[in-house]
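> Numbering (our numbering), first residue to last: 22 to 90.
Positions of the beta carbon are idealized from the N, C-alpha and C atoms, including for glycine.
As the structure is a computational prediction, the values presented were derived from the model and not from experiment.
The structure is reproduced here in structure tokens:
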């Protein structure tokens, strides 16, 4: 589900995600769907603002988490 959501972040399905970023998303959300959805939406916003960022990394996930806190 996470990878499918990330692929839709960038137009044309060009979004990619690092494995350690997936692990961090799962760890931060505890697998809770609503928290995961909120975090993925914030990651989407960050990716839209920073158009030069093509890969969802651990740093992007952490930045999204900080914005939600």
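Please tell me whether residue 89 and residue 62 are closer than 7 Å, where the distance is taken between their beta carbons.
Along the chain shown, one-based indexing puts residue 89 at 68. Along the chain shown, one-based indexing puts residue 62 at 41. No; because the gap between Cβ atoms is not below 7 Å, this pair is not in contact.
> What distance in whole Å lies between the Cβ atoms of residue 77 and residue 5, which are believed to be in contact at a cut-off of 8 Å?
Residue 5 is absent from the structure shown; the chain starts at 22 and stops at 90.
> Rounded to the nearest angstrom, how far is the Cβ of residue 67 from that of residue 84, given a contact under 8 Å?
Start at 1 with the first residue of the chain shown, and residue 67 comes out as number 46. Start at 1 with the first residue of the chain shown, and residue 84 comes out as number 63. Contact flag correct, Cβ pair sits at about 6 Å.
> Over what stretch of residues does the alpha helix (DSSP H) that includes residue 53 continue unbroken?
As a first step, residue 53 is located in the chain shown; it is residue number 32 there, counting from the start. No alpha helix (DSSP H) contains residue 53, which DSSP labels as neither H nor E.
> In the DSSP assignment, the alpha helix (DSSP H) including residue 74 goes from what residue to what residue?
By one-based count along the chain shown, residue 74 stands at place 53. Per DSSP, residue 74 belongs to no alpha helix (DSSP H) and is neither H nor E.
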